[in-house]
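One structure below.
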Amino acid sequence: MRRPTKVVAFGGGRGLAASLTALSSLDNIDLTAVVTVADDGGSSGQIRATRPVLPPGDLRKALIATADPTRVSLTEVFGHRFEGTDFLAGHPVGNIILTALLERYPNPVEALDRAAEALGCRARILPMANERLDIEADICLNGADHVIHGQHNVAVNPGRVDRLRITPVDVEPCPEAKEAIGQADWHIFGPGSWYTSVIPHLLLPKLRDAVKAASARRAVVVNLAEENETTGLSLPGHLQALADFASGVRFHYVIADDTRCSNEARSLNQAAQSLSAQLVLGRVAADSTSHDPQALAKVLGNLLHDEGGS
């Protein structure tokens, strides 16, 4: 029997959840998620402000996206968000559980492995680093330059992002993530918040070097609609921004929804070619902002099958 195709998916938040849901539904896939750990908004922001643990929100979403479909009750509890106005209001149960595991196990990977075991996850969920990170951006808004600190502030700022940084920059990547990246047949980037979920992996020098050194084929799934952080940025502009921060990382395929990029197909194809990548068009949208995991699975499955993994 042919060995499973090893796939590493990079990102955070809902975008990564969509790609993980798609990939985990495919047969004969050995899937690993490498998740951003710079979230400082909402529940994750409150937790990281008071406890020395990784922000749990994006990790929780990745766990839920790959959970065993037969464990619906536990998965629903993991995703339940407390209502009301007390100290628990707004916190998902999964964030509380992950915080407890991250405090109980000094190695975050062990904590995540325990959570994945409980949920029957069909992927290994790993942080990009074993310590929390921060994002900073130089932004131009209404002709004025600003330095924006924090993932949430960058994500909601409508200004043009000129420069982007991870701090501290000398952090070691998670060893297990680095190993998975090196052994992978495929690297999948996106979809997701471009500057705060997709690109950050390429801002950590040692993680970027691991990606660059790997022999894996790479695909990037572009977004369907603008977010605050990418206001006014075209789909070709997304690829140019990726190229600016990728520092020579080679991409082989760009996946886009054919109905959303019909007016930009030629320029998007040119932008893909500038990355030395082939543009792959398909119906992957569920609505104007969200990818359909089943449709995305079909496109990714065809690509992985046609190109092979081993």
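The numbering of the sequence shown is the numbering used here, which starts it at 12 and goes up by one. For each residue, glycine too, the CB sits at the ideal point set by N, CA and C. Keep in mind the model is a prediction, meaning the values are calculated, not measured.
G293 has D268 as its beta-bridge partners, per DSSP. F200 carries a strand assignment under DSSP once its states are collapsed to helix, strand and coil. Residue range 216-224 is occupied by the alpha helix (DSSP H) that includes V222. Listed in chain order, the non-local C-beta contacts of V231 below 6 Å within the same chain comprise F200, G201, F262, V265, local neighbours out to five positions each way being set aside. Inter-residue distance for A297 and G259 is about 32 Å (C-alpha atoms, whole angstroms). Rounded to whole angstroms, the Cβ separation of V180 and A140 is 11 Å, and the two are not in contact under 8 Å. Contact between the region 142-160 and the region 217-224 is not established, with fewer than three Cβ pairs separated by less than 8 Å.
Between N106 and G68, the gap from beta carbon to beta carbon is short of 9 Å. If you ignore the 5 residues before and after V48, its C-beta comes within less than 7 Å of the C-beta of L65, P66, P138, M139, A140, R143, L144, all in its own chain and listed in chain order. One Cα belongs to T81, the other to S35, and the distance between them is close to 14 Å.
Exclusion of the five residues before and after D269 leaves L292, G293, R294 as the residues of its chain whose Cβ lies within less than 7 Å of its Cβ. About 46 Å separates the beta carbon of D196 from that of A155, a gap too long to meet the 8 Å contact definition. H160 sits in a strand when the DSSP states are folded into three classes.
Judged by beta-carbon spacing, L250 lies beyond the 9 Å limit of A276, meaning their Cβ atoms are not closer than that value. Just so you know, the alpha carbons of R92 and S84 end up roughly 14 Å apart.
A check of alpha carbon separations from H160 across D51, G22, F21, D41 identifies D51 as the nearest. Straight through space, the alpha carbons of G193 and R176 are spaced by roughly 24 Å. Assigned with DSSP and collapsed to three states, T207 falls in helix. Judged by pairs of C-beta atoms under 8 Å, the region 167-175 does not touch the region 107-124, as fewer than three such pairs exist.
The alpha carbon of A308 has as its nearest neighbour, out of S30, R174, V19, the alpha carbon of S30.
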